[in-house]
Structure formats: C-alpha cells, structure tokens
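Protein chains: 2
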Amino acid sequence: MIERDLIEQIRSLSSADAPALVQGIGDDCAVIEKSGNRVWLLTMDTLVESIHFDCNFHPPELLGRKAVAVNVSDIAAMGGKPTFALLSLGLPEGFNEEWTRWLSLGISKACEQYGCLLIGGDTVCNPSGVSLTLTVIGEMERGRVLYRKNGQVGDTVWVSGQPGRSAAGLALLQSGIRLEKNTDSSLRPLLKAHLDPMPRTALAIDLAASGLVHAMQDISDGLATDLSHLCHQSGLGACIIADYLPPCEGLKKAGILLNQDPMDWMIKGGEDYELLFTAPPDATKTLQLIGRDSGQPLSAVGSLIEAKSVVLVEKGCGTTVSDEGTDISFQGYEHFQVG
Amino acid sequence: MIERDLIEQIRSLSSADAPALVQGIGDDCAVIEKSGNRVWLLTMDTLVESIHFDCNFHPPELLGRKAVAVNVSDIAAMGGKPTFALLSLGLPEGFNEEWTRWLSLGISKACEQYGCLLIGGDTVCNPSGVSLTLTVIGEMERGRVLYRKNGQVGDTVWVSGQPGRSAAGLALLQSGIRLEKNTDSSLRPLLKAHLDPMPRTALAIDLAASGLVHAMQDISDGLATDLSHLCHQSGLGACIIADYLPPCEGLKKAGILLNQDPMDWMIKGGEDYELLFTAPPDATKTLQLIGRDSGQPLSAVGSLIEAKSVVLVEKGCGTTVSDEGTDISFQGYEHFQVG
Numbered sequence: 000m001i002e003r004d005l006i007e008q009i010r011s012l013s014s015a016d017a018p019a020l021v022q023g024i025g026d027d028c029a030v031i032e033k034s035g036n037r038v039w040l041l042t043m044d045t046l047v048e049s050i051h052f053d054c055n056f057h058p059p060e061l062l063g064r065k066a067v068a069v070n071v072s073d074i075a076a077m078g079g080k081p082t083f084a085l086l087s088l089g090l091p092e093g094f095n096e097e098w099t100r101w102l103s104l105g106i107s108k109a110c111e112q113y114g115c116l117l118i119g120g121d122t123v124c125n126p127s128g129v130s131l132t133l134t135v136i137g138e139m140e141r142g143r144v145l146y147r148k149n150g151q152v153g154d155t156v157w158v159s160g161q162p163g164r165s166a167a168g169l170a171l172l173q174s175g176i177r178l179e180k181n182t183d184s185s186l187r188p189l190l191k192a193h194l195d196p197m198p199r200t201a202l203a204i205d206l207a208a209s210g211l212v213h214a215m216q217d218i219s220d221g222l223a224t225d226l227s228h229l230c231h232q233s234g235l236g237a238c239i240i241a242d243y244l245p246p247c248e249g250l251k252k253a254g255i256l257l258n259q260d261p262m263d264w265m266i267k268g269g270e271d272y273e274l275l276f277t278a279p280p281d282a283t284k285t286l287q288l289i290g291r292d293s294g295q296p297l298s299a300v301g302s303l304i305e306a307k308s309v310v311l312v313e314k315g316c317g318t319t320v321s322d323e324g325t326d327i328s329f330q331g332y333e334h335f336q337v338g
Numbered sequence: 000m001i002e003r004d005l006i007e008q009i010r011s012l013s014s015a016d017a018p019a020l021v022q023g024i025g026d027d028c029a030v031i032e033k034s035g036n037r038v039w040l041l042t043m044d045t046l047v048e049s050i051h052f053d054c055n056f057h058p059p060e061l062l063g064r065k066a067v068a069v070n071v072s073d074i075a076a077m078g079g080k081p082t083f084a085l086l087s088l089g090l091p092e093g094f095n096e097e098w099t100r101w102l103s104l105g106i107s108k109a110c111e112q113y114g115c116l117l118i119g120g121d122t123v124c125n126p127s128g129v130s131l132t133l134t135v136i137g138e139m140e141r142g143r144v145l146y147r148k149n150g151q152v153g154d155t156v157w158v159s160g161q162p163g164r165s166a167a168g169l170a171l172l173q174s175g176i177r178l179e180k181n182t183d184s185s186l187r188p189l190l191k192a193h194l195d196p197m198p199r200t201a202l203a204i205d206l207a208a209s210g211l212v213h214a215m216q217d218i219s220d221g222l223a224t225d226l227s228h229l230c231h232q233s234g235l236g237a238c239i240i241a242d243y244l245p246p247c248e249g250l251k252k253a254g255i256l257l258n259q260d261p262m263d264w265m266i267k268g269g270e271d272y273e274l275l276f277t278a279p280p281d282a283t284k285t286l287q288l289i290g291r292d293s294g295q296p297l298s299a300v301g302s303l304i305e306a307k308s309v310v311l312v313e314k315g316c317g318t319t320v321s322d323e324g325t326d327i328s329f330q331g332y333e334h335f336q337v338g
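Just so you know, the sequences run in chain order A and B. Here the first sequence is numbered in numbering that gives the first Met the number 0, starting from 0 and rising by one per residue. Here the second sequence is numbered in numbering that gives the first Met the number 0, starting from 0 and rising by one per residue.
See the structure below:
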C-alpha cells in the first residue's frame, strides 16, 4: 500500500459535503468560508525525525523554521496569505532542553516572518524522536483561490526557482558536506534549500492576484509526482521538456561530486517548495514580469496535453504524447511502500 | 521541564494579536472569526502509541474513534459544534493494512457521528509506532463561547458524569481485564470510558445556550489539573468536597479488585472527557434539568474561592481555604518530567 492508496481509503470513508466547505480533500489546502467574499485555507503537514530530517546535521532553529515553511508553502500553493498556526510537538523522553529552545525559536521566528500567529496546539511524548505537526491557516479572496483542478489543454507549465536543489542538498549533507563559512558558494543554495526552504508566499499572492493562472500547487514530493497530481485533478497529462529545465551551477557541481545525474534531482527530488502552475501561453510575458518583480526566476518547462500521463522529452513537443517521451508520472518520493 | 513550562516557552515566543483572532493560546480551542456573529473554534490533539494507547488491548476501530473524540471534546469544552477535521496519521514501516483499515473506519464513523467532515491532512512514517494528530474545527455563536477565564468567586463547580472511570478502566486493562461479553457489568463503563470515550457535545451546546455557565473546559488531564487550569485563567482558587464526588459501583469494585483508592482516579485520573464548568449557585435547578434532559448526570462538587490553589476537603467548606484541606493543584497526568 502506498500513500495515495491510504489517502484514498480514508477519503472514501468520509462523507461528502458541508455548507461552509468550499474545497475538501484533494488539494494543497482545504478551503472553508470566512466572512464576505473571503475564505480560510487549512493545511496540515508533519515532519518526523529520521524520516524527514536528521538531527545530526539539521540545526534545531532551521528545523523549526522548516516545519513552519512546509505548511506555509501549502497556503502559498493556493495563492493565500498565512495567518495562524497550531503546533503539535512530539519530543522523546529526556529531550535536550537547549536544543528544544532553539527549535521553539525557529518556529516562532518563522511564524513572525510569514505573518502567522501561533494560536494553539499540543505537546506529547514521542518515543522514537522529535515530530512536528503543524496546521497552518491562511486567508484570501474566494474568487482568487488557485486549485489543482483547473489546468487546461495547451496551458504552459511553469516552475519557480530551481527544482532539485533540496534533494541535491540532502545528498550533499548525507555525504558529509556542511553549511559552513568556507562551503563552496555554488553548493550553499542546495544545502540551504534542504535545511531552510523558503516558500514562495509573495510570488504566489502576486500570481493569484494576476488572474492569469489556471492551476497551481507547490513542489513537495518532486516535480514529476506533483505535476501528476495537478494533471490527475485536471483530467489531463503533461509533456515536460528536459532542455527547458537547465540545472544551475550548484546542481552540476553536486552531480559531478556525487556522481549523479542532476536531472534525477530536478524531476524526482522532493521538498523544493517551489511553485508549479499552469497558464495560457499568451500570459507568458506578464508572468515573466511578475517573476522578475518577486525576485524568483520562473521557467516555462512544458505544456498540459490531452493524455493520461506526464512524459519527459529531450526537446520541445506538440500536443500529443511523443513516442520517445519517458513516462515520469508519480516518480518521486513515496511515504510508504508496503507489501 | 514539564509540559506547562514548554508551552509557556513556545507561547512567550509568539507575537500577541491579529485582527481575525478572538482567542489564542490558553484555552481548549483557539477562536477565529467566521461570518456575521459566528466564530470558528480550532483544536489540535495527538495520540501516540505506547504513550496514549496500547495496541495490545486497544481495538483499532475504537482507537480511531478516540482520536476524533478527544478533539471533539475540546470543541465541546467551549460549547461549540464540531464541523471539520484534518488528520495527520503516522504509521510505522510495514504497518498492518487490515488493522489500518479498521482504524480508518473508526475515524470516519466518529467523524460522521459528531458531524465533522474530514477535509485534509497528511500521512507519514513514524518509526516508533502509530500516531494520530487531528485538528478539529467547530463553530458557534461568538457571544456564547465559554472560556476558562470567566469563573467568578462563589461559582459552583460542576462536573458531568463520573470522573475517574477512564483511569480506572486503563488500570483494569493493564491488569488483564478485557471488554468481553461476560465482563462484569459494573466494570464495563470503566473499560469503555478508556477505550471509547464519548465527548459531551450535546450537553455542552445546551449549557452554552443556557447563558448560565461562566467558565468551562473538559477533563482531559484529570479533575485536579484541569480545575487548576480553569482557576489559573480565572485568577481564583477552588475548594472541592470529597463527599460530593461519590464513586460509582464500578469504581468501588475496581478499587477493591486493584487495591486502589477510587478517590485517586476521580481526582487525578485523566482522559475522562467529561465537562467541568462553573455557574452561580442560583443556576443549580436549571442546570440539573439540562443535565437530566441530556442524559448526563451533573454533580456540584465544590466552589470557586479567593485563593491561589485547588484544595480538597472531606466535607463542605465556606469561601476560605480550610486548614484541613489538601492542596491538589495540578496533581494529575504530566506529559513530560525532565531533569
């Protein structure tokens, strides 16, 4: 059983609708009504020690920041502004108080940075180590919410920043390279992308306000898997062009250092918390300006097509699946893989 | 460091206020605005294997129900109606699929029973075992929300049902007694109170609607500890009269079987999910009627007094702390006890 099956099993058991519900399971956030034409967005994400992070190289302050960031990224994925947070903190018996103080500081600093106020939660003992579950609540105008399901045939597929950095950063950290003063400057952004990711909140709000974007989500499980989610919800497929996904200097260098193909990180690597969105081709110029204004480079990496899968081709393709394309649907991080 | 210190540390790091916030950290739920004169209530509680439950005797369907119930109880504690839920489910590597199916069924059945729709969440791997974190969202009229902080000197302290059952039930389960067809009928309610607690949602809504209650919360960490929270928030103390807390047949029987004083369970036992509230003495008759109508016996067990602690006396007391009283402030379940 893999994660999608488990979610499907739980979803199939839950009833369907409620008056104040705008969007239930199936997107980055649930959406419920606020007042007037505004809505609340709700998301919940968990980080577990030895699964999602390694205390041997993850400084507690950055870990606290990351636990907030991954949730804030879900709010950004719909175009919303983070507002409140609830935290359930699991700590092992005999936890280190000094370490926990830095963790708390990271959480509170990140909450302040993203403008979300901690309003409740729980603290529990977790025998196997630290776990952090947050519910982050965001808000925005109802008519501006960007769902996964509204992608349209012919839409250009866009990504912000440089996908793959976080996965490469993790591989570097696991190989013993650390974020220190004398760390190679081209590798630093990779290490930072894993240890201290920055959700694209401001860019997301601008994209939602532009009215140009059809569908959006964040990249948490890797470009291939997350684009598969967006395509599945939109009832479409996608064609991604490898040539349009140029690796940055750091990815190339990390690839050489670790004897890895950077394309694997870019396509399958998780935890980038970049934005993945689709828009009609005639919006290209305006979107590029929005990206420039927000300081985040945006790359057009492919198109939505009439198909059932996400394929990767070397060079540009049309609107049908090319025979030479490689099916990359749902290739990325899996939370479970049982029996 | 104990749980209260940890919560205080995190709270002290978070900024203070936001426009849509009605109540932040410090009560059973956070409260944020909905539309018109209505508000959303938000709570988050976690159950961890081997800390909060034992899979050797906790059937998965009842465990799923309990994870929902403990959160729904926080909504009830403010007088609200549960509406939505988010679930973060942690499962160990190689989890049992059949067991997980029963767990999911319990979660979904409980959501249906309490009228809250599952709208999102996360699934993760948790090395040490199963963990369930839920955020439950409730709603109610803003002016009817019952906080901990509004207790007044002279208020009668009320509890619903029979506190202590869950702790006694757990002790029975740990001694090898199970909920089976031929289990002694006086012990069954104790076992059920631990395995499958019933939050007092309907009663709570009636109490909030009555306009008679000053302060309310649920009993999750034991009567002594939870009354201490209410008193601390209200800037008062309380005097509880042992005589007014009569143990039921089952508690007496369990006490004899396990050679325990039932009073310990009633005062310090956690996880009852009964309601604890205060109201002026002249509301007594009406409250008794509300209790009768809801099928939940209500007991007046003491009074709020001008003091800094919660004391237990054998028989009735006035409005000052009696010398013979035993200080029971914050005597109950502690999630952490370090260094």
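Note that CB positions come from ideal geometry on N, CA and C, so glycine has one too.
Worksheet item: Quick one: Cα of P296/B to Cα of V152/B, how far?
Response: Looking up residue 296/B in the second sequence gives position 297. Looking up residue 152/B in the second sequence gives position 153. Each residue's alpha carbon lies about 24 Å from the other.
Item to complete: Determine which residues of the region 120-138 of chain B have a Cβ less than 8 Å from any Cβ of chain C, and write them out in chain order.
Response: Looking at the structure shown, chain C is missing, and the protein chains on hand are A and B.
Worksheet item: Quick one: is G338/B near chain A, going by C-beta distance under 9 Å?
Response: Indexing the second sequence from 1 puts residue 338/B at position 339. Since pLDDT at G338/B reaches only 32, below the 50 mark, its modelled position is unreliable, and the value read off the structure follows with that caveat. With 9 Å as the cut-off, G338/B counts as an interface residue toward chain A.
Discussion item. Taking the alpha carbon of L131/A as the reference point, which residue from L90/A, T285/A, V71/A and A299/A has its own alpha carbon closest?
Written reply: Start at 1 with the first residue of the first sequence, and residue 131/A comes out as number 132. Across the set L90/A, T285/A, V71/A and A299/A, the C-alpha of L90/A shows the shortest separation from the C-alpha of L131/A.
Worksheet item: Mind checking whether Y272/B and S209/B have CB atoms under 9 Å apart?
Response: Within the second sequence, numbered from 1, the residue matching residue 272/B stands at position 273. Within the second sequence, numbered from 1, the residue matching residue 209/B stands at position 210. No, Cβ-Cβ distance for Y272/B and S209/B is not below 9 Å.
Worksheet item: Tell me which same chain residues have a C-beta within less than 6 Å of the C-beta of P280/A, skipping the five on either side of it?
Response: Locating residue 280/A in the first sequence gives position 281, counting from the first residue. Short of 6 Å from the beta carbon of P280/A, and not among the five residues preceding or following it, lie these beta carbons of its own chain, in chain order: T155.
Item to complete: Take D292/B as the anchor and find which of G324/B, A201/B, L244/B and E313/B has the nearest alpha-carbon.
Response: The residue given as residue 292/B occupies position 293 in the second sequence. If we check each option's Cα against that of D292/B, A201/B comes out closest.
Worksheet item: Quick one, which of N36/B, E97/B, P18/B and L117/B has its alpha-carbon nearest R141/B's?
Response: Taking the first residue of the second sequence as 1, we reach residue 141/B at position 142. That would be N36/B, whose Cα lies nearest to the Cα of R141/B.
Discussion item. Going by the DSSP bridge assignment, what does K80/A pair with across the sheet?
Written reply: The residue you call residue 80/A lines up with position 81 of the first sequence. DSSP output for K80/A lists E138/A as bridge partner(s).
Worksheet item: Shorter than 9 Å from the beta carbon of D16/A to some beta carbon of chain B?
Response: By 1-based counting over the first sequence, the position of residue 16/A is 17. Output row for D16/A: interface = yes.
Discussion item. Pairs of beta-carbons, one from the region 47-58 of chain B and one from the region 105-125 of chain A, closer than 8 Å: are there three or more?
Written reply: yes
Discussion item. Within the continuous beta strand (DSSP E) that includes L297/B, where are the two ends?
Written reply: Here residue 297/B corresponds to residue number 298 of the second sequence, with the count starting at 1. L297/B -> beta strand (DSSP E) spans L297 to I304.
Worksheet item: So the alpha helix (DSSP H) E96/A belongs to, where does it begin and stop?
Response: Translated into positions along the first sequence, residue 96/A becomes position 97. Looking at the DSSP string, the run of the alpha helix (DSSP H) that includes E96/A is E96 to Y113.
Worksheet item: For L229/A, which residues in chain B fall below 9 Å Cβ to Cβ?
Response: Within the first sequence, numbered from 1, the residue matching residue 229/A stands at position 230. Those within 9 Å of L229/A in chain B number zero; the least Cβ separation is about 17 Å.
Worksheet item: Shorter than 9 Å from the beta carbon of V47/B to some beta carbon of chain A?
Response: Counting from one through the second sequence, the residue named residue 47/B turns up at place 48. So, interface residue.
Worksheet item: Is the Cβ-Cβ distance between T134/B and T134/A less than 9 Å?
Response: Position 135 of the second sequence, counted from the first residue, corresponds to residue 134/B. Position 135 of the first sequence, counted from the first residue, corresponds to residue 134/A. Closer than 9 Å, so yes.
Practice prompt. Pair every Cβ in the region 69-79 of chain A with every Cβ in the region 28-47 of chain A, then say whether three or more of these pairs are closer than 8 Å.
Written response: Segment contact: the region 69-79 of chain A against the region 28-47 of chain A, three or more CB-CB distances shorter than 8 Å; contact assigned.
Practice prompt. Assess, as a yes-or-no matter, whether the region 241-259 of chain B is touched by the region 184-193 of chain B under the definition of 3 or more beta carbon pairs within less than 8 Å.
Written response: The answer is yes - the region 241-259 of chain B touches the region 184-193 of chain B, with three or more Cβ pairs under 8 Å.
Worksheet item: Does the distance from the C-beta atom of P198/A to that of S72/A stay below 9 Å?
Response: Taking the first sequence and counting its residues from 1, the one referred to as residue 198/A is at position 199. Taking the first sequence and counting its residues from 1, the one referred to as residue 72/A is at position 73. Yes, the Cβ-Cβ distance between P198/A and S72/A is below 9 Å.
Worksheet entry | Sufficient close CB pairs (3 or more, under 8 Å) joining the region 54-74 of chain B to the region 214-234 of chain B | yes
Worksheet item: I31/B to A19/A, Cα distance in whole Å?
Response: Here residue 31/B refers to the residue found at position 32 of the second sequence. Here residue 19/A refers to the residue found at position 20 of the first sequence. Looking at the two C-alpha atoms, the distance is approximately 15 Å.
Worksheet item: In chain order, what residues of the same chain have a beta carbon less than 8 Å from the beta carbon of S103/A, not counting five sequence neighbours either side?
Response: As a working note, residue 103/A is residue 104 in the first sequence. Same-chain partners within the cutoff: G63.
Discussion item. Do G221/A and A166/A have their beta-carbon atoms positioned less than 9 Å apart in this structure?
Written reply: The residue labelled residue 166/A in the question sits at position 167 within the first sequence. The residue labelled residue 221/A in the question sits at position 222 within the first sequence. Yes, they are a contact pair.
Worksheet item: Would you call the CB atoms of I9/B and L61/A closer than 9 Å?
Response: Taking the first residue of the second sequence as position 1, residue 9/B is located at position 10. Taking the first residue of the first sequence as position 1, residue 61/A is located at position 62. Cβ atoms of I9/B and L61/A: not closer than 9 Å.
Item to complete: Mind reading off the beta-carbon distance from V212/A to A278/A? Whole number of angstroms is fine, and I expect it under 8 Å.
Response: Translated into positions along the first sequence, residue 212/A becomes position 213. Translated into positions along the first sequence, residue 278/A becomes position 279. Indeed, because the Cβ distance is near 5 Å, the residues count as touching under 8 Å.
Discussion item. Rounded to whole angstroms, what is the Cα-Cα separation between L311/B and Q232/B?
Written reply: Reading the second sequence from its first residue, position 312 is the one you call residue 311/B. Reading the second sequence from its first residue, position 233 is the one you call residue 232/B. Going from the Cα of L311/B to the Cα of Q232/B covers about 19 Å.
Item to complete: Report the partner residues of F56/A according to the DSSP bridge assignment.
Response: Residue numbering aside, residue 56/A sits at position 57 when the first sequence is read from its first letter. Note: F56/A sits in no beta bridge, so no partner.
Discussion item. Please classify I327/B as buried or exposed, where buried requires at least 16 other C-beta atoms within 10 Å of its C-beta.
Written reply: As a first step, residue 327/B is located in the second sequence; it is residue number 328 there, counting from the start. Classification of I327/B: buried, given that the 10 Å Cβ count is 16 or more.
Worksheet entry | chain A contact residues for I31/B, given Cβ-Cβ distances below 9 Å | The residue you call residue 31/B lines up with position 32 of the second sequence. Per Cβ cutoff of 9 Å: K33, W39, T82, F83, I118 and I136.
Worksheet item: Along chain A, which residues have their Cβ under 7 Å away from the Cβ of Q173/B?
Response: For the purposes of this step, residue 173/B is identified with residue 174 of the second sequence, where counting begins at 1. Result: empty, since nearest Cβ-Cβ is about 18 Å, beyond 7 Å.
Discussion item. With distance defined between alpha-carbon atoms, name the residue in F276/A, N55/A, K65/A and Q259/A nearest to A170/A.
Written reply: Translated into the one-based positions of the first sequence, residue 170/A becomes position 171. Considering only alpha carbons, the answer is Q259/A.
Worksheet item: Which first and last residues belong to the alpha helix (DSSP H) in which I24/A is found?
Response: The residue given as residue 24/A occupies position 25 in the first sequence. No alpha helix (DSSP H) holds I24/A; DSSP gives it neither H nor E.
Worksheet item: So, using beta-carbon positions, are K108/B and L194/B closer together than 9 Å?
Response: Walking along the second sequence from the start, residue 108/B turns up at place 109. Walking along the second sequence from the start, residue 194/B turns up at place 195. For K108/B and L194/B, no; Cβs fall outside 9 Å.
Fill in: Which residues DSSP lists as bridging W39/A, in chain order
The residue given as residue 39/A occupies position 40 in the first sequence. DSSP lists I31/A and E138/A as partners of W39/A.
Fill in: Selected residue, minimal CA-CA separation from I304/B, among A241/B, L275/B, G234/B and P261/B
Here the question's residue 304/B lines up with position 305 in the second sequence. When only C-alpha atoms are compared, the closest one is G234/B.
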